[in-house]
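Okay, structure first, notes after.
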Amino acid sequence: MTKLWAAVVLAGCGGEPADAVAPDAGPPPPLGTLIEPADCRGALALYGVAFQDGPVRQGVEDGITATVPINGISYRVLGAAAPRGTLFADCRLILSLARAASTFRYHGVVEVADLGVYNYRCIGSGTPPNCPNGMSQHAYAMGIDLAGFKYEDGTFASVNDDWVIDPGTQKTCEADVEPGLDAELHSLICDLKAAGTWNIVLTPNYNADHRNHFHVDLTPGADFIRKRRHDP
Ligand SMILES: [Zn+2]
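Here it is in structure tokens:
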């Protein structure tokens, strides 16, 4: 960011040709791409996300409490009377939500109904940190469960009620969908995954535990929208 800005300033004042600093800058990003600072907090500032540090919670590396709405998108615990005023998560998860906002806006989503972020627990059975199937990303505040989406015309798409589970022979993002909200939910979560917003996305196709929400998280090194627990 600083280097690119310097290039603009130098080119503008006529003291140096722009080429003198261009090689360090690398190829230009695609049009419409924000150039984010490398640090999470600096990137949040770019998106206009207000936050406070902490509180300290077991398992959470970089916990912050962000002011909601996040980059213009409201969040509400499913069924709650009022939207969230704040949301506690690892800075990196909050940043992923700030990035997700452009996809939400493209789809006309104004508010997300969620089932929560932080929960110090294992995947499946066990007691942290002794987890036979690994620690849940919720234990690190690096995952969130998305239960539904409110659109600008007031429509609410419920993962539990409107997502039709796809046949086992079809991939989630290539499946035949029912017209209406099932199609929209598929399009939305597949656009979010394609945009690289989260590393792992689990839908109701995955297993019965996920019938009523999309689980999305930032598991390091992972990159999939998984269809079934035992699928390759
Ligand atoms: Zn989850």
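Heads up: the sequence shown is residues 0 to 231, going by the numbering used here.
Just so it is clear, CB atoms sit at the ideal spot from N, CA and C, and this is done for glycine as well.
* Can you tell me which of the three DSSP states V116 falls into? => coil
* **Integer Cβ distance of D161 from L145, believed to fall under 8 Å** => Going by Cβ atoms, the distance from D161 to L145 rounds to 13 Å, so no, they are not a contact pair.
* To the nearest angstrom, report how far apart C90 and E177 are at their CA atoms. => 36 Å
* Specify the secondary structure class of I93 as computed by DSSP and reduced to three states. => helix
* Can you tell me whether DSSP reads Q51 as helix, strand or coil? -> strand
* Say whether the segment 150 to 158 touches the segment 119 to 131, bearing in mind that this needs 3 or more beta-carbon pairs closer than 8 Å, one atom from each stretch. => no
* **Three-state secondary structure (DSSP) of A65** => strand
* So is the beta-carbon of G142 under 7 Å away from any non-hydrogen atom of ligand 1? -> yes
* Asked: Does any CB atom of chain B fall closer than 8 Å to the CB of F148?
  -> Absence of chain B from the displayed structure is noted, only one protein chain being present.
* Asked: Is the CB-CB distance between L107 and H214 below 8 Å?
  -> Looking at the sequence itself, residue 107 is Gly, so the reference to Leu does not match. Not a contact, by the Cβ cut-off of 8 Å.
* Asked: Per DSSP, what kind of secondary structure is A146 in: helix, strand or coil?
  -> strand
* Would you call N198 buried or exposed, if buried means 16 or more other Cβ atoms sit within 10 Å of its Cβ? -> buried
* **Neighbour-count burial assignment, Q57, 16 or more Cβ in a 10 Å radius** => exposed
* To do: With a threshold of 16 other CB atoms inside 10 Å of the CB of Y105, please say whether the residue is buried or exposed.
  => exposed
* Is G84 closer than 8 Å to V109 when the C-beta atoms are compared? -> no
* To do: Rounded to whole angstroms, what's the CA-CA distance from D113 to F148? Just pull it up for me.
  => 9 Å
* To do: Just grab the DSSP bridge partners of F87 for me.
  => T64
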